[in-house]
Amino acid sequence: MANAPIRPAAVAGFFYPGDHRVLRTQLAEMLSAAVPLESVMPPKAIIVPHAGYIYSGPVAATAYAGIAPLRDRIRRVVLLGPAHRMAVAGFALPVAQTFATPLGEVPVCQADWAELQTRPDVVADDRPHAMEHCLEVQLPFLQTVLDSFRLVPLLVGGASDQAVAEVLESLWGGPETLIVISSDLSHFHSYRDARSLDGATVDQLLRLDGPLDHEQACGATPINGLVRVARRHGLRPQLLDLRNSGDTAGPRDSVVGYTSIAFFEQVPHESRQH
């Protein structure tokens, strides 16, 4: 698409460092401190938080550190998150064909962009994306742990869980495709209450037992769609990290919860060790 618009970084210097050298250093520190995944199979999908890096970055890093071994395999990232800034009836794609961060530019997958617009509940509109942080904060992590990849960026509004599942199925792909769901957990409870609430939410997710509501997770709708598809594909969820802002960089009287969960395809019988 000639002269397609670029979606510039909106929250660089606010949610994460705006200087590329400082950003690279912070990402390297968070990723090196993350406990690596222990799994025979690579993750097909991850749930990661989307607050400022000082708050949720270390939690997100536990998922992205496990993606690093797939650097040369993953070529397409399907990235869904909730629309915080503007009401969206179903799903919003950007008109922009490139997302920019201090680390460079990420191209949108034009074939998927065009195909998604055949759905009546998908609209191409830059306005919901303009100041939205939930997708953008994932990009520097992805740019660090992957080589070149194309992005399918979708903001989820008033869509149904079933509609999200349909979209994810249509974009599922093979080993070249990673599904990323951007969501925080509970908001603005005391530290003790948040630990209890978020622990119960994660237990529910690990059982693939839905649906979540938006008090449990701001990205409940895209999460619920992923859970539906994970059950259908026999994915196995694994908890990587569960903390809140009181554990990382904030006070404990009012916290936001964060988790990283990876979803693995089952190991084929013939590859299991006997």
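Using our numbering, the final residue of the sequence shown is 261, and nothing's skipped along the way.
For glycine and all other residues, C-beta sits at the position ideal for the given N, C-alpha and C.
I'd like the list of long-range same chain contacts for V214, defined as Cβ closer than 6 angstroms, with 5 residues on each side in sequence excluded. If we look at V214 and ignore the five residues flanking it on each side, its Cβ neighbours are L195 and G197.
Closest to A296 by C-alpha separation, out of E119, L90, G77 and L138, would be which residue? The structure shown does not extend to residue 296, since the chain is modelled only from -12 to 261, so the question has no answer here.
Classify L229: buried if its beta carbon has 16 or more other beta carbons within 10 angstroms, exposed otherwise. Classified as buried, L229 has 16 or more neighbouring CB atoms from the shown chains inside 10 Å of its CB.
Nearest to P115 by alpha carbon, out of L142, E252, L90 and T131? Nearest in C-alpha terms to P115, of all of L142, E252, L90 and T131, is L142.
Distance between beta carbons of T235 and P263, contact taken as under 8 angstroms: For residue 263 there is no data in the structure shown, the boundaries of the chain being -12 and 261.
Cβ contact (3+ pairs, closer than 8 angstroms) linking the region 219 to 227 and the region 238 to 250: As far as the Cβ criterion goes, the region 219 to 227 touches the region 238 to 250, which means the pair count is three or higher.
Since I believe P209 is in contact with L67 (beta carbons under 8 angstroms), could you give me their beta-carbon distance rounded to a whole number of angstroms? That pair is a contact at about 4 angstroms.
Does the beta-carbon of D196, which I'm using as the reference point, lie nearer than 8 angstroms to any heavy atom of the ligand GTP? Of ligands this structure carries none, so the ligand GTP is not represented either.
Excluding the 5 residues flanking T85 on each side, which residues of the same chain have their C-beta closer than 6 angstroms to its C-beta? Closer than 6 angstroms at Cβ, skipping near neighbours: I(-7), E92 and P94.
Express the C-alpha separation of R179 and A106 in angstroms, rounding to a whole number. The residue asked about is misnamed: residue 106 is Arg in this sequence, not Ala. Distance between the alpha carbons of R106 and R179 is about 43 angstroms.
Applying the 10 Å Cβ sphere with the 16-neighbour rule, what's the burial state of V65? Buried: at least 16 other Cβ atoms inside 10 Å.
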